[in-house]
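Below you'll find the structure, written out as structure tokens, and then a few comments.
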Amino acid sequence: MNMEEFKSRKRRRAASDPNRHTCQRFAWPEPALPSNLVHDPEFWFEDGSVVLVALNVGFRVYRRILQEHSPFFKDMFRMPQPANALKVEGCPVVVLADTPHQLRHMLRVLFPTGGNLRFGKQEATLTMDAVAAVIRLAHKYQMDQLLAQALSALMEFYTDDFYEFVKQDRKVTMTAMPIDAITAISLARLTSTPSILPLAYLHASCAGSQVLHGCVRDGAWAEPLAYADLVRIIDGRPALTHAMDKMVCRIFKPETSDACSDSRRCLRIMTARTADLPEYLDMAYGTMFAPGVTLGSFTHVHGGIELTTGMRLCERCRAMLKERELEEKKELWNDIPNIFNLEEPEGWQVE
Ligand SMILES: [Zn+2]
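Anchor point for the sequence shown: position 192 equals 192 in the UniProt record's numbering, and the numbering is continuous, going up by one each time.
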């Protein structure tokens with residue numbers, strides 16, 4: 001049989017098979033069970049109908065629920081199993097390339113047990129380990145609904161909404177350290193979600209030399225940063241520092257409102273404040289861009305100084321300073337993609 005005949009025969013065979021695509025993509029894998037297979041203490045349901053295996057850990061769960069949420073598993077389960085397929089305690093086995101940690105995070109969502117039942121929005125209860133594992137596995141196994149939910153927690157934390165970011169009482173459902181932003185960058189690329197990137201780089205630039213080593217997920221494996229991203233962060237940090245210095249200086253410029261009711265007095269108060277600029281800069285670098293903290297407010301510093309000096313600005317100057325602070329923060333916000341040499345996500349700019 002020459003090559004043309006072979007190709008033609010293959011085409012005919014493929015055309016006669018209504019499940020040809022799924023056959024090729026979702027055939028039951030031939031499991032090679034590890035000899036030291038152990039039951040997962042959290043997910044081994046005695047009446048479970050399938051055993052998922054990650055490394056040497058078996059998870060006995062329910063096929064019905066898996067296929068309900070995942071076209072990947074649905075296609076796999078509807079394929080007839082080969083006669084010699086391996087079974088564990090009577091259940092078919094699916095060997096996965098994921099880690100037990102990752103799988104556990106996903107199964108906690110799909111099969112809530114007594115310890116993790118959730119109802120409604122919980123504040124800052126999700127870790128990056130959990131969010132990252134669910135996003136990666138939901139993406140891989142085509143669980144669109146789960147992917148959207150996990151991604152929304154990430155997008156909420158690394159928001160592209162300036163007004164949300166500067167809220168004093170900002171609520172988020174996940175929590176993360178600066179170094180976790182490395183994972184956020186990777187997830188943004190995996191899921192084509194560029195809106196996450198500016199704040200993720202901003203956070204990563206607060207992680208210092210840790211970015212050289214990557215971040216450790218689930219205490220088990222280190223996720224490195226790509227060389228090009230490392231360059232963006234290392235070059236971006238001094239640019240960010242420069243932009244923040246300028247912002248703080250402009251916010252505290254001793255210049256009263258045009259409508260000031262007592263410009264000599266207000267100017268004296270404002271000038272006195274410039275002596276405290278180092279303190280404001282400490283605040284800017286100490287908390288303002290720290291993860292989980294908003295752009296912060298300098299207005300409470302104004303208030304603190306008024307308390308200690310007993311001198312209060314006129315209402316018009318107070319309002320002007322508040323507005324000035326907001327405008328300066330907007331300018332810095334708008335510049336973040338440029339600072340980290342990123343393509344600006346659509347809708348990033350705030351007027
Ligand atoms: Zn005034």
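We treat Cβ as the ideally placed atom computed from N, Cα and C, and that holds for glycine.
Shown here, residue 259 sits in coil according to DSSP, grouped into three states, outside any helix or strand. Counting other Cβ atoms within 10 Å of its Cβ, residue 38 stays below 16 and is therefore classed as exposed. Under the Cβ criterion (8 Å, minimum of three pairs), the stretch 137–151 does not count as touching the stretch 178–186. Secondary structure of residue 231 (DSSP, three-state): helix.
Shortest gap from the CB of residue 324 to any heavy atom of ligand 1: 7 Å or more. The distance from the Cβ of residue 186 to that of residue 345 is about 16 Å, inconsistent with a contact at the 8 Å cut-off. Of the heavy atoms belonging to ligand 1, none sits nearer than 7 Å to the Cβ of residue 160. Near ligand 1, meaning a Cβ closer than 5 Å to any of its heavy atoms, lie the following residues in chain order: 256, 260, 266, 314 and 317.
For the alpha helix (DSSP H) assignment, the uninterrupted runs of no fewer than 4 residues enclosed by the UniProt domain "BTB" (48–111) are, from N- to C-terminal side, 63–69, 71–78 and 100–110. For residue 324, the three-state secondary structure derived from DSSP is helix. The alpha-carbon separation between residue 340 and residue 212 amounts to approximately 17 Å.
Apart from sequence neighbours up to five positions away, the residues of its chain that approach residue 277 with a beta-carbon distance below 8 Å are 248, 249 and 252, ordered along the chain.
For residue 144, no beta strand (DSSP E) run applies; the uninterrupted alpha helix (DSSP H) run containing it begins and ends at 144–157, by DSSP. In the three-state DSSP reduction, residue 224 falls in the coil class, being neither helix nor strand. For residue 41, there is no enclosing alpha helix (DSSP H); the residue is found in the beta strand (DSSP E) stretching over 38–44.
Per DSSP, the beta-bridge partners of residue 174 are 126. Residue environment analysis places residue 208 among the exposed positions, since fewer than 16 neighbouring C-beta atoms fall within 10 angstroms of its C-beta.
In the structure shown, the three-state DSSP call for residue 216 is strand.
Per the C-alpha coordinates, the member of 90, 85, 86 and 56 positioned closest to residue 103 is 56. Straight through space, the alpha carbons of residue 35 and residue 232 are spaced by roughly 45 Å. Residue 191 counts as buried, since at least 16 other C-beta atoms from the protein chains shown sit within 10 angstroms of its C-beta. Annotation for residue 267: 254 and 256 place their beta carbon closer than 7 Å to its own, counting only its chain and skipping 5 residues before and after. For residue 33, the closest C-alpha among the options 318, 281, 314 and 94 is that of 94. For residue 97 and residue 54, the gap between their C-alpha atoms comes out near 6 Å. Only buried fits residue 236, as 16 or more other CB atoms lie within 10 angstroms of its CB.
Nearest to residue 87 by C-alpha distance, out of 60, 219, 351 and 311, is 60. One thing to note: residue 350 has its Cβ within 8 Å of the Cβ of residue 162. In this chain, residue 141 is not harboured by any alpha helix (DSSP H), its DSSP state being neither H nor E. The beta carbon of residue 224 lies closer than 6 Å to those of 214 in the same chain, with the five residues before and after it left out.
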